[in-house]
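Going by UniProt numbering, the sequence shown opens with residue 1, and the numbers climb by one from there. Beta carbons: idealized from backbone N, C-alpha and C, even for Gly. Quick notes on the structure that follows.
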Amino acid sequence: MNSLVDKYNIPGPRYTSYPTVPYWNEADFTPQLWKNSVMKSFSESNSEEGISIYIHLPFCEALCTFCACHKRITKQHSVEIPYLESVLKEWKLYLELFNEKPKLKELHLGGGTPTFFSPENLKTMLTGIFDTVRIADEPEFSFEGHPNNTTKQHLQTLFDLGFTRVSFGVQDYDPKVQKAINRIQPFENVKNVTEWAREIGYKGISHDLVFGLPHQTWEATEYTIRKTLELKPDRLAFYSYAHVPWVKGVGQRGFDENDLPSGDEKRRLYEDGKKLLEELGYIEIGMDHFALEHDDLYQSLIQKKLHRNFMGYTSSKTQLMVGLGMSAISDSWYAFAQNVKTVEEYQKIVGEGEIPVFRGHILDAEDLNIRKHILNLMCQLETSWDLQNAFPEIEDALEKLKEMESDGLVKISDNQIKITEKGRAFTRNVAMVFDLRMMRNKPETRIFSMTI
Numbered sequence: 001m002n003s004l005v006d007k008y009n010i011p012g013p014r015y016t017s018y019p020t021v022p023y024w025n026e027a028d029f030t031p032q033l034w035k036n037s038v039m040k041s042f043s044e045s046n047s048e049e050g051i052s053i054y055i056h057l058p059f060c061e062a063l064c065t066f067c068a069c070h071k072r073i074t075k076q077h078s079v080e081i082p083y084l085e086s087v088l089k090e091w092k093l094y095l096e097l098f099n100e101k102p103k104l105k106e107l108h109l110g111g112g113t114p115t116f117f118s119p120e121n122l123k124t125m126l127t128g129i130f131d132t133v134r135i136a137d138e139p140e141f142s143f144e145g146h147p148n149n150t151t152k153q154h155l156q157t158l159f160d161l162g163f164t165r166v167s168f169g170v171q172d173y174d175p176k177v178q179k180a181i182n183r184i185q186p187f188e189n190v191k192n193v194t195e196w197a198r199e200i201g202y203k204g205i206s207h208d209l210v211f212g213l214p215h216q217t218w219e220a221t222e223y224t225i226r227k228t229l230e231l232k233p234d235r236l237a238f239y240s241y242a243h244v245p246w247v248k249g250v251g252q253r254g255f256d257e258n259d260l261p262s263g264d265e266k267r268r269l270y271e272d273g274k275k276l277l278e279e280l281g282y283i284e285i286g287m288d289h290f291a292l293e294h295d296d297l298y299q300s301l302i303q304k305k306l307h308r309n310f311m312g313y314t315s316s317k318t319q320l321m322v323g324l325g326m327s328a329i330s331d332s333w334y335a336f337a338q339n340v341k342t343v344e345e346y347q348k349i350v351g352e353g354e355i356p357v358f359r360g361h362i363l364d365a366e367d368l369n370i371r372k373h374i375l376n377l378m379c380q381l382e383t384s385w386d387l388q389n390a391f392p393e394i395e396d397a398l399e400k401l402k403e404m405e406s407d408g409l410v411k412i413s414d415n416q417i418k419i420t421e422k423g424r425a426f427t428r429n430v431a432m433v434f435d436l437r438m439m440r441n442k443p444e445t446r447i448f449s450m451t452i
């Protein structure tokens with residue numbers, strides 16, 4: 001495995017989209033083209049599938065130095081109401097594009113720290129959205145909760161509004177690691193919020209763990225996993241730490257690169273962690289999630305309905321996902337669009353009555369074809385092609401895949417490849433073989449985290 005890590009541990013995307021953001025064709029994108037794409041997608045899919053909404057709530061009281069999300073650090077809670085009012089204004093701008101009442105299938109609150117906001121303010125904002133939609137049968141409403149500031153009232157208020165899933169960011173229980181990433185978070189805090197959520201009636205509780213953090217050892221990671229499993233969450237994310245300190249504004253400056261595990265050490269954290277999770281009854285989903293058999297994510301996997309988007313893996317697939325809030329990304333299937341990245345600019349543009357997108361990408365026929373291949377690989381660990389969905393560089397791709405086959409990472413049969421159990425750890429590398437935009441235009445500078 002060590003030689004494979006040396007060979008394949010290269011910078012690469014996580015493929016929450018294709019094309020990935022650095023390869024968007026921004027020059028040919030306009031806000032009007034985005035609106036046209038939204039209207040097309042909505043008219044095609046709303047009555048059957050419904051739509052998804054992602055709301056980015058960017059405020060945090062403290063900076064976690066491992067985080068690469070767009071956020072704003074403040075302890076001033078006076079920012080809550082103006083921001084949430086802007087989210088509602090933005091939503092109303094989208095409503096003007098729809099030819100009928102939206103059917104809301106999926107809603108996710110991410111951040112930042114959604115539980116930075118008071119339960120009352122969240123309720124006001126969400127009620128403002130719910131009053132304008134019809135709720136689909138068996139909707140999936142979820143939010144990210146910080147164990148240090150999620151209250152019982154947060155959980156009860158959101159549950160009463162229809163939320164049934166919550167994910168808590170655990171990361172690691174080792175005090176040395178917590179100090180390095182500026183995330184001091186006792187086990188008791190996580191235990192309390194997990195037990196409250198169960199008592200209230202949440203059907204899906206997820207814990208997010210991260211491997212590859214500064215000062216992490218296998219002994220500490222094993223301790224974190226075993227402590228997590230005392231609480232038996234329905235779902236676990238076991239993310240690879242994405243070290244991208246060159247990205248402006250992420251704040252990954254709280255430790256030295258020498259404090260990070262080596263590639264081999266990091267791979268051991270994953271392999272041994274995966275083995276322990278599977279021994280304790282969890283099933284691996286895609287490349288970084290684990291779930292118990294009763295969880296919707298596992299059920300969607302075996303039914304071949306698993307989907308991946310900017311919210312990560314999900315059991316609800318909708319063609320249209322509207323992103324609201326600063327830096328939020330939207331997906332109409334035919335196009336992507338991202339909102340402006342500062343709170344001030346976001347609130348200003350929305351206040352002027354404009355959808356606050358500042359860049360995006362209109363997918364061409366080839367993009368749509370490759371997107372399907374990469375989604376298949378990320379969700380089902382396999383893909384196939386024929387004359388209709390082959391692509392010009394298929395022979396070059398097959399050469400690379402044959403090398404991966406000789407390394408035991410994939411199996412190739414008639415116009416089909418399957419990622420092996422050994423190859424799961426290298427799923428991103430396999431997907432990169434199909435990434436035509438990156439293949440044709442290699443990045444001159446480092447823009448992605450390492451794949452291992």
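Check: Within this structure, are the beta carbons of Ile394 and Leu409 separated by less than 9 Å?
Finding: no
*asked:* Output needed for Asp223: all residues of its chain with C-beta closer than 8 Å, excluding positions within five of it in sequence on either side, in chain order.
replied: Sequence inspection shows Tyr at residue 223; the Asp mentioned does not correspond to that position. Excluding residues within five positions, the ones whose Cβ falls inside 8 Å are Tyr173 and Asp174.
Exercise for the section: Express the C-alpha separation of Asp264 and His289 in angstroms, rounding to a whole number. Expected result: 21 Å
Item to complete: Mark Lys105 as exposed unless 16 or more other C-beta atoms lie within 10 angstroms of its C-beta, in which case mark it buried.
Response: buried
Practice prompt. Return the bridge partner residues of His289 from the DSSP annotation.
Written response: Ala237 and Ile285
Could you check the C-alpha separation between Pro392 and Phe336 for me, to the nearest Å? 24 Å
* Asked: From Leu363 to Ile10, what distance separates their C-alpha atoms?
  -> 26 Å
N-terminal and C-terminal residue of the beta strand (DSSP E) that Met378 is part of: It is not in any beta strand (DSSP E) - Met378 instead sits in the alpha helix (DSSP H) that spans Ala365 to Gln380.
| query | Would Trp91 pass as a contact of Thr132 if the rule is Cβ separation under 9 Å? | reply | yes
Residue closest to Leu324, alpha-carbon to alpha-carbon, out of Leu57, Phe130, Ala425 and Ile205: Leu57
Notebook entry, point to check: Where does the unbroken beta strand (DSSP E) through Arg267 begin, and where does it stop?
Noted result: Run containing Arg267: none in the beta strand (DSSP E); it sits in the alpha helix (DSSP H), Gly263 to Glu279.
- Task: For Lys203, name the three-state secondary structure that DSSP assigns.
- Result: coil
**Q.** Neighbourhood of Ile184 by C-beta distance below 7 Å, restricted to the same chain and skipping five residues each side
**A.** Gln178
- Message: Excluding the 5 residues flanking Lys266 on each side, which residues of the same chain have their C-beta closer than 6 Å to its C-beta?
- Response: Gly212
Where Asp208 falls: helix, strand or coil (DSSP): strand
Kindly identify the DSSP beta-bridge partner or partners of Tyr313. Arg308
Going straight from the alpha carbon of Asp160 to that of Val79, what length do you get? 25 Å
Worksheet entry | Own chain, CB closer than 8 Å to Tyr334, minus 5 neighbours either side, in chain order | Ser37, Lys40, Ser41, Ile362, Leu363 and Leu368
From the DSSP output, in three-state form, read off His154 for me. helix
Worksheet item: Does the Cβ-Cβ distance between Arg14 and Ser315 come in under 9 Å?
Response: no
Practice problem: Decide if Gly353 is buried, meaning its Cβ has at least 16 other Cβ atoms within 10 Å, or exposed. | Solution: exposed
What do you reckon, are the CB atoms on Phe130 and Leu109 nearer than 9 Å? no
* Asked: Ile55: which of Gln32, Ser86, Cys67 and Asn415 sits nearest, CA to CA?
  -> Ser86
Exercise. Is it true that the CB of Ile53 sits closer than 9 Å to the CB of Val322?
Worked result: yes
Starting from His70, follow its DSSP beta bridges and name the residues at the other end.
Bridge partners of His70: none, in fact.
- Thinking C-beta only, is Ser332 closer than 9 Å to Asn339? no
- Message: Which same chain residues end up closer than 8 Å to Ala180 when comparing Cβ atoms and leaving out the 5 residues on each side of it in sequence?
- Response: Thr65, Leu213, Pro214, His215, Gly254, Phe255 and Asp259
Going by Cα to Cα distance, which pick from Leu93, His70, Lys75 and Leu84 is closest to Pro31? Leu93
Which residue comes first and which comes last in the alpha helix (DSSP H) that contains Ala431?
Thr427 to Val433
Nearest CA to the CA of Ser300: which residue from Gly360, Leu375 and Cys379? Cys379
Cβ pair Arg437, Pro19 closer than 9 Å:
yes
Q | Alpha carbon of residue 453 to alpha carbon of Leu398, nearest angstrom | A | The chain is shown from 1 up to 452; residue 453 falls before or after that span and cannot be answered.
Around the C-beta of Ala197, are 16 or more other C-beta atoms found within 10 angstroms, so that it is buried, or is it exposed? buried
| Leaving out the 5 sequence neighbours to the left and right, which residues in its chain are closer than 7 Å to Asn415 when beta-carbon positions are compared? | Ser384, Trp385 and Asp386
C-beta contact flag for Asn149 and Thr127 at 9 Å:
no
**Report entry** Residues bridged to Met450 [DSSP beta-bridge criterion]
**Finding:** Pro11
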